[in-house]
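The structure under discussion appears below in the form of C-alpha cells.
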Amino acid sequence: MLDGAARRHLDPILNRLGAALAKRGLSADAVTVAGLCLGFAAAALIALHYYLAGAALILLSRLCDGLDGAVARASRKTDFGGFLDIVLDFVFYGAIPLAFIVADPAANGLTGGLLLFAFYVNGSSFLAFAAIAEKRALSTEIRGAKSIYFTTGLAEATETIAFFLAACLFPHWFPVLAALFAVLCLYTALSRIVLARLTFRDQP
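Numbering follows my numbering, with no gaps: position 172 of the sequence shown is 161.
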C-alpha cells in the first residue's frame, strides 16, 4: 500500500547510487546476493537477541534490494536477475520471522508460524497472479518497471519492513504484531484472489 509513495521519494536517490555502482563494474546480481547475506546476518542477530543490530542490518539489506534494480537499469537487466531478486526476497521474508521464533520459541512460536503461513499464502497468490498475467501478456508499471507482473495490496514491501523494524524495537510485542500482520497478509491474498476472479474470468 505504501510502496508507491516510498518509491517516489527513494527512486531518484537509488537511481543515482545504482548508476555510480554500475560505472564501477558492480553487477545487479552481486548486490542482490549481498542483500540476502545482510538479511541472514540480521536474522542471526535477532535469534541471538541483538534486536537493534538486527534492525540496522535489515535496513542495509533492503537498501541492497532497492539498489539492485537501480544497478540493473543503469547497466543491463536480465531475466535471471529478476528471478533471483524475487526468490531471495522471499528467502529474506521467511528468515526474519523464523529468527524471532528461534529467539523465543515459547512466546513467538505460534504467531510466528501463523505469520509464515500467511507469507506463504500471500506469496503464492502473488506469484500465481504474475504467471497467469504473463500468459495473457498483461503488463503494469504501477510499482515501476519489474521483471514480473506486480499486484498491489495492504501488505507490501514497505509495510513488511516497517513490521520487522517494529518487532526489533519492541521484541516482546512480536506475538501481537505478528498476528496483526498475518491478518493483513491474508487479507491481501484474499483481495488478490478476488482481483484474479475479475481479471481472469474469461479466456483470452
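All residues carry an ideal CB built from backbone N, CA and C; glycine is no exception. Every value quoted in this text rests on a predicted model; they were computed, and no experiment measured them.
Below 7 Å CB to CB, which residues in the same chain sit around residue i once its five sequence neighbours on both sides are set aside?
i     : result
LEU25 : LEU77, VAL80, PHE81
LEU73 : ASP18, THR21
GLY83 : LEU105, PHE108
If we call anything under 8 Å between Cβ atoms a contact, is residue i one with residue j?
i      : j      : result
ARG62  : PHE118 : no
ALA11  : LEU104 : no
CYS157 : ALA44  : yes
ALA155 : ALA88  : no
TYR39  : PRO160 : no
GLY7   : VAL91  : no
LEU34  : CYS53  : no
PRO164 : ASN97  : yes
ARG51  : ILE150 : yes
Report, in whole angstroms, the separation of the C-beta atoms of residue i and residue j, which I expect to be a contact under 8 Å.
i      : j      : result
ALA122 : GLY70  : Incorrect: roughly 20 Å between the Cβ atoms, too far for contact.
ASN111 : THR177 : 5 Å
ALA107 : ALA171 : 4 Å
Within the same chain, show all residues whose beta-carbon is closer than 6 Å to that of residue i, passing over the 5 residues directly before and after it, in chain order.
i     : result
ILE47 : ALA31, PHE153
Kindly list the residues whose CB is nearer than 8 Å to the CB of residue i, restricted to its own chain and excluding five residues on each side of it in sequence; keep chain order.
i      : result
VAL20  : LEU10, CYS53, LEU56, ASP57, VAL60
ARG190 : none
task: Taking only runs that begin and end inside the region 24 to 58, name each unbroken alpha helix (DSSP H) of 4 or more residues, in chain order.
output: none
- request: Output the residue ranges of the alpha helix (DSSP H) runs that lie fully inside the region 74 to 127 and measure 4 residues or longer, sorted by chain position.
  value: 94 to 124
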